[in-house]
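Undergrad: In UniProt numbering, the protein residues as written are 1 to 368.
Just so you know, even glycine gets a beta-carbon here, dropped at the ideal spot from N, CA and C.
This structure is a prediction, so every number in the text was calculated from the model and none was measured.
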């Protein structure tokens, strides 16, 4: 037994939607949750709270201290403790910033494809999605939602590209919301660069949003952090009534602090498993006929491929014919309907079966 063994029967009988929503014969690689058990130290800290009651934090919110310390030691950026707020999740942070920074009808720059709840948050708020593929696209935007590492493509943006976006944001006076939730899931040969660390101006116009939820598989506990660079945004938030935006639960705070302060050994082991899985996906993609558009992920545990021969909804075809549920490309952008997103954060055995099933259907379709 290892910390990363996967019990598929436990997954199917549990509360998680990734497996619980599926028929018994269907494999799940859609929702961006990992199949691995949560780090033992995190579970232990949660049990301590349930056994002994609310913790006492005389020194202030420990999540803020854990965040600022982690950014400095792991990513070489020193955020201000006094400009950091705790939220429930990144969707809430985005929605708060939409209401604080923009007005109805304003353009919000987004790298497409992108996380579907982000896109829905923008359109439901009456703002315009402005596709951004290069720094010049920021003209006419009021807010730029930067997702780095990127979901669903797995790109990790290098410092020179980030600097170019920072210069464009300065030129066009664009506020930047940088989603860095996958920052701890970057593969060897690549490095996460916090956008706020690129330049003094970038620091002054960037809201950095992150959470331990993706890297440590604790999304259901709902705890996230935002570092507010722009003084006007900080002042605007400060004028809202106390606790207007709600608060994460005690369990979410405890799990986040345990993850960021005590679970790095577990994270190192996780990255070894994910690296092997990513390499397996890369080898598999090379065997597929035709152009899948696959680019090896530099971060995250997500692969992005196109199967146009399966029609306008490849994910639907693969669920029906291969009995594998994947992320639907059309959910991430109207232009990426031919794509699917594969979550490879599972055991090698389950991953092999997922890829084998997909191969059969894709190869059969391309040989017709």
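Taking the beta carbon of residue 123 as the centre, do at least 16 other beta carbons fall within 10 Å, making it buried, or is it exposed?
TA: Residue 123 counts as exposed, since fewer than 16 other beta carbons sit within 10 angstroms of its beta carbon.
Undergrad: Could you tell me the alpha carbon to alpha carbon distance between residue 27 and residue 215, rounded to whole angstroms?
TA: 22 Å
Undergrad: Thinking C-alpha only, which one of 85, 297 and 292 is nearest residue 68?
TA: 85
Undergrad: Curious, which full-length alpha helix (DSSP H) runs of at least 4 residues does the stretch 103-147 contain?
TA: 116-124
Undergrad: From residue 185 to residue 70, what does the alpha carbon distance come to, in whole angstroms?
TA: 14 Å
Undergrad: Terminal residues of the continuous alpha helix (DSSP H) containing residue 450?
TA: Outside the displayed range of the chain (1 to 368) lies residue 450, so it cannot be described from this structure.
Undergrad: Beta-carbon separation of residue 213 and residue 219 under 7 Å?
TA: yes
Undergrad: If we define contact as Cβ-Cβ less than 7 Å, is residue 56 a contact residue for chain C?
TA: This model lacks chain C altogether, as it is built from one protein chain only.
Undergrad: Which ranges would you report for the beta strand (DSSP E) in the stretch 163-249 if only whole runs of at least 3 residues count?
TA: 175-179, 206-210 and 224-228
Undergrad: Give the straight-line distance between the Cα atoms of residue 386 and residue 221, rounded to the nearest whole angstrom.
TA: The question about residue 386 has no answer here: the residues shown for the chain are numbered 1 through 368.
Undergrad: For residue 254, I'd like the list of residues in its chain whose CB is within less than 7 Å of its CB, leaving aside the five on either flank, ordered along the chain.
TA: 45, 46, 49 and 55
Undergrad: Looking at C-beta atoms only, is the number of pairs between the stretch 249-266 and the stretch 322-329 that lie closer than 8 Å three or more?
TA: The stretch 249-266 vs the stretch 322-329: no contact.
Undergrad: If you run the structure through DSSP and keep just helix, strand and coil, what is residue 67?
TA: helix
Undergrad: In the DSSP assignment, the alpha helix (DSSP H) including residue 286 goes from what residue to what residue?
TA: 264-287
Undergrad: Residue 309 to residue 281, Cα distance in whole Å?
TA: 20 Å
Undergrad: Can you list, in chain order, the residues of its chain with a C-beta nearer than 7 Å to that of residue 285? Leave out the 5 residues immediately preceding and following it.
TA: 292, 294 and 305
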